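**Student:** Mapping of the sequence shown onto the working numbering: residues 65 to 228, in sequence order. Idealized CB from N, CA, C, for every residue including glycine. The structure presented is a predicted model; accordingly, all values stated were derived computationally and were not measured.
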Amino acid sequence: MVTVGALTREQLVAGLRKTTLSEQNEDESFILLVRDSPEFKISPAKEKLDLVVVTAEELQLPVDKWQPDVPFDEFKTKVTEAGYELVPHDGIAAFLLALRGSEALKFTYVATEPIMGMREKRAVSRPLVPVVFTHLGVPYAVMRPLDLASEAPRRYIVVRPRKG
(Lines of atoms letter the chains of each structure in order from A and count residues from 1; the text may use other names and numbers.)
(Lines give C-alpha, C1' and ligand atoms only; values in the text may rest on other atoms or scores of the structure.)
Protein backbone atom coordinates (compact mmCIF):
# COMPACT_ATOMS: atom_id res chain seq x y z
CA MET A 1 0.00 0.00 0.00
CA VAL A 2 1.39 3.40 -1.00
CA THR A 3 -0.04 6.90 -1.02
CA VAL A 4 0.18 9.11 -4.10
CA GLY A 5 -0.60 12.80 -4.42
CA ALA A 6 0.64 13.49 -0.88
CA LEU A 7 4.18 14.68 -1.63
CA THR A 8 5.52 17.32 -3.98
CA ARG A 9 8.19 16.56 -6.54
CA GLU A 10 10.77 18.22 -4.26
CA GLN A 11 9.68 16.13 -1.26
CA LEU A 12 9.93 12.92 -3.29
CA VAL A 13 13.44 13.83 -4.44
CA ALA A 14 14.52 14.69 -0.88
CA GLY A 15 13.16 11.37 0.41
CA LEU A 16 14.81 9.37 -2.37
CA ARG A 17 18.16 11.06 -1.68
CA LYS A 18 17.98 9.81 1.94
CA THR A 19 17.23 6.23 0.87
CA THR A 20 19.84 3.79 -0.36
CA LEU A 21 18.32 2.55 -3.58
CA SER A 22 21.48 1.44 -5.32
CA GLU A 23 25.10 0.67 -4.82
CA GLN A 24 25.91 1.49 -8.46
CA ASN A 25 24.57 5.06 -8.78
CA GLU A 26 21.61 3.79 -10.80
CA ASP A 27 19.30 5.46 -8.31
CA GLU A 28 20.68 8.84 -9.36
CA SER A 29 19.12 8.33 -12.79
CA PHE A 30 15.73 7.76 -11.21
CA ILE A 31 16.13 10.73 -8.85
CA LEU A 32 17.08 13.00 -11.76
CA LEU A 33 14.08 11.75 -13.70
CA VAL A 34 11.75 12.53 -10.75
CA ARG A 35 13.34 15.95 -10.34
CA ASP A 36 13.78 17.03 -13.95
CA SER A 37 11.52 15.18 -16.38
CA PRO A 38 8.36 17.07 -17.30
CA GLU A 39 6.88 13.68 -18.18
CA PHE A 40 7.18 12.41 -14.59
CA LYS A 41 3.66 13.08 -13.31
CA ILE A 42 2.58 13.80 -9.74
CA SER A 43 -0.93 12.51 -8.95
CA PRO A 44 -3.42 15.39 -8.63
CA ALA A 45 -5.19 13.99 -5.55
CA LYS A 46 -4.10 12.11 -2.46
CA GLU A 47 -5.02 8.43 -2.78
CA LYS A 48 -3.95 5.12 -1.28
CA LEU A 49 -3.01 2.46 -3.81
CA ASP A 50 -2.80 -1.28 -3.32
CA LEU A 51 0.28 -2.40 -5.29
CA VAL A 52 0.56 -6.08 -6.14
CA VAL A 53 2.93 -8.24 -8.17
CA VAL A 54 1.42 -10.14 -11.08
CA THR A 55 3.04 -12.54 -13.50
CA ALA A 56 3.13 -12.45 -17.27
CA GLU A 57 0.96 -15.55 -17.22
CA GLU A 58 -1.73 -13.76 -15.17
CA LEU A 59 -1.71 -10.94 -17.72
CA GLN A 60 -1.89 -13.51 -20.54
CA LEU A 61 1.42 -12.31 -21.98
CA PRO A 62 4.06 -14.52 -23.56
CA VAL A 63 6.83 -15.49 -21.16
CA ASP A 64 9.68 -16.20 -23.59
CA LYS A 65 9.47 -13.55 -26.27
CA TRP A 66 6.72 -11.31 -27.52
CA GLN A 67 5.31 -13.14 -30.53
CA PRO A 68 4.44 -11.05 -32.45
CA ASP A 69 5.73 -7.75 -31.05
CA VAL A 70 3.31 -6.30 -28.51
CA PRO A 71 2.88 -2.51 -28.69
CA PHE A 72 2.68 -0.70 -25.36
CA ASP A 73 -1.01 0.14 -25.89
CA GLU A 74 -1.73 -3.58 -26.18
CA PHE A 75 0.32 -4.21 -23.03
CA LYS A 76 -1.84 -1.62 -21.21
CA THR A 77 -4.96 -3.34 -22.51
CA LYS A 78 -3.75 -6.68 -21.11
CA VAL A 79 -3.17 -5.06 -17.70
CA THR A 80 -6.67 -3.54 -17.77
CA GLU A 81 -8.34 -6.74 -18.98
CA ALA A 82 -6.74 -8.59 -16.07
CA GLY A 83 -8.44 -6.13 -13.70
CA TYR A 84 -5.43 -3.97 -12.82
CA GLU A 85 -4.19 -0.45 -13.47
CA LEU A 86 -0.81 1.04 -14.29
CA VAL A 87 1.16 2.53 -11.39
CA PRO A 88 1.21 6.34 -11.45
CA HIS A 89 4.69 7.81 -11.69
CA ASP A 90 4.70 9.18 -8.14
CA GLY A 91 3.48 5.78 -6.96
CA ILE A 92 6.83 4.35 -8.09
CA ALA A 93 8.72 6.83 -5.91
CA ALA A 94 6.41 6.19 -2.94
CA PHE A 95 6.86 2.45 -3.41
CA LEU A 96 10.65 2.75 -3.42
CA LEU A 97 10.56 4.90 -0.27
CA ALA A 98 8.49 2.24 1.50
CA LEU A 99 10.23 -0.83 0.06
CA ARG A 100 12.45 -3.13 2.03
CA GLY A 101 14.51 -5.75 0.23
CA SER A 102 12.67 -8.73 -1.10
CA GLU A 103 13.98 -11.48 -3.33
CA ALA A 104 10.44 -11.80 -4.65
CA LEU A 105 10.86 -8.43 -6.37
CA LYS A 106 14.10 -9.20 -8.16
CA PHE A 107 13.89 -8.04 -11.77
CA THR A 108 10.28 -6.91 -11.42
CA TYR A 109 9.15 -4.18 -13.80
CA VAL A 110 6.80 -1.47 -12.63
CA ALA A 111 3.85 -1.35 -15.02
CA THR A 112 3.66 2.38 -15.68
CA GLU A 113 3.52 4.79 -18.57
CA PRO A 114 7.00 5.01 -20.08
CA ILE A 115 8.84 8.22 -19.31
CA MET A 116 10.85 10.00 -22.00
CA GLY A 117 13.62 12.39 -21.18
CA MET A 118 16.32 9.91 -20.23
CA ARG A 119 19.12 8.99 -22.60
CA GLU A 120 20.87 5.68 -22.87
CA LYS A 121 24.63 5.46 -23.30
CA ARG A 122 24.18 5.49 -27.08
CA ALA A 123 22.61 8.97 -26.71
CA VAL A 124 19.33 7.70 -28.11
CA SER A 125 16.25 8.86 -26.27
CA ARG A 126 13.86 5.96 -25.64
CA PRO A 127 10.85 5.51 -23.42
CA LEU A 128 12.09 4.02 -20.18
CA VAL A 129 10.40 2.32 -17.25
CA PRO A 130 11.74 1.52 -13.80
CA VAL A 131 12.70 -2.02 -12.93
CA VAL A 132 13.17 -2.99 -9.30
CA PHE A 133 16.26 -5.01 -8.48
CA THR A 134 17.28 -6.40 -5.12
CA HIS A 135 20.79 -7.22 -4.04
CA LEU A 136 21.68 -8.41 -0.55
CA GLY A 137 18.36 -7.14 0.71
CA VAL A 138 18.82 -3.58 -0.59
CA PRO A 139 16.22 -2.54 -3.17
CA TYR A 140 17.04 -0.24 -6.02
CA ALA A 141 15.45 1.08 -9.15
CA VAL A 142 17.10 0.95 -12.54
CA MET A 143 15.75 2.73 -15.58
CA ARG A 144 15.61 0.45 -18.61
CA PRO A 145 13.69 0.34 -21.87
CA LEU A 146 10.72 -1.96 -21.75
CA ASP A 147 11.57 -3.42 -25.11
CA LEU A 148 8.48 -5.32 -26.04
CA ALA A 149 10.17 -6.92 -29.05
CA SER A 150 12.67 -8.97 -27.08
CA GLU A 151 12.62 -10.93 -23.82
CA ALA A 152 9.42 -10.27 -21.96
CA PRO A 153 9.61 -9.54 -18.23
CA ARG A 154 7.87 -12.16 -16.10
CA ARG A 155 6.71 -10.05 -13.13
CA TYR A 156 5.06 -6.63 -12.95
CA ILE A 157 4.01 -4.34 -10.14
CA VAL A 158 0.48 -3.06 -10.82
CA VAL A 159 -2.32 -1.31 -8.95
CA ARG A 160 -5.21 -3.45 -7.73
CA PRO A 161 -8.28 -1.18 -7.89
CA ARG A 162 -10.31 -0.85 -4.74
CA LYS A 163 -13.82 -2.17 -4.80
CA GLY A 164 -16.59 0.13 -3.83
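For Val-77, I'd like the list of residues in its chain whose CB is within less than 7 Å of its CB, leaving aside the five on either flank, ordered along the chain.
**Tutor:** Closer than 7 Å at Cβ, skipping near neighbours: Ile-95, Val-98 and Arg-99.
**Student:** Any contact of the region 68-82 with the region 119-128, i.e. 3+ C-beta pairs under 8 Å?
**Tutor:** Contact fails: fewer than three Cβ-Cβ distances are below 8 Å.
**Student:** Mind the definition here: the region 171-180 touches the region 143-156 only if three or more C-beta pairs lie below 8 Å; say whether that holds.
**Tutor:** They touch, by the three-pair rule.
**Student:** Between Gly-69 and the rest of its own chain, which residues show a CB-CB distance below 8 Å, the 5 nearest in sequence each way excluded?
**Tutor:** Ile-106, Ser-107, Pro-108, Ala-109, Lys-110, Glu-111 and Asp-154.
**Student:** Taking Arg-224 as part of the beta strand (DSSP E), name the residues at either end of that continuous run.
**Tutor:** Element bounds for Arg-224: 219-224.
**Student:** Skipping 5 residues on each side, what residues in its chain have a beta carbon closer than 8 Å to that of Leu-80?
**Tutor:** Once the five neighbours on either side are set aside, the close Cβ partners of Leu-80 are Asp-91, Phe-94, Ile-95, Val-98, Ala-157, Leu-160 and Leu-161.
**Student:** Taking DSSP as the reference, what is the three-state secondary structure of Val-118?
**Tutor:** Val-118: strand per DSSP, three-state reduction.
**Student:** From which residue to which residue does the alpha helix (DSSP H) around Thr-141 run?
**Tutor:** Segment 136-145, the alpha helix (DSSP H) holding Thr-141.
**Student:** Name the two residues that bound the continuous beta strand (DSSP E) containing Val-127.
**Tutor:** Here Val-127 belongs to no beta strand (DSSP E), and DSSP marks it neither H nor E.
**Student:** How is the beta strand (DSSP E) around Val-68 delimited, first residue to last?
**Tutor:** That run of the beta strand (DSSP E) goes 66-68.
**Student:** Along the chain, where does the alpha helix (DSSP H) that runs through Val-77 open and close?
**Tutor:** Here the alpha helix (DSSP H) through Val-77 covers 73-81.
**Student:** Select from Lys-170, Thr-83 and Leu-150 the residue whose C-alpha is nearest the C-alpha of Leu-113.
**Tutor:** Checked all of Lys-170, Thr-83 and Leu-150; the closest Cα to Leu-113 is Leu-150.
**Student:** What three-state label does DSSP hand Leu-150 in the structure shown?
**Tutor:** The answer is coil: DSSP assigns Leu-150 none of H, G, I, E or B.
**Student:** Out of Glu-103, Leu-71, Leu-115 and Phe-104, which has the shortest C-alpha to C-alpha gap to Arg-226?
**Tutor:** Of the candidates Glu-103, Leu-71, Leu-115 and Phe-104, the one whose C-alpha sits nearest the C-alpha of Arg-226 is Leu-115.
**Student:** Which term fits Thr-141, buried or exposed, when burial requires 16 or more other beta carbons within 10 angstroms of its beta carbon?
**Tutor:** The residue is exposed, with fewer than 16 neighbouring Cβ atoms inside 10 Å.
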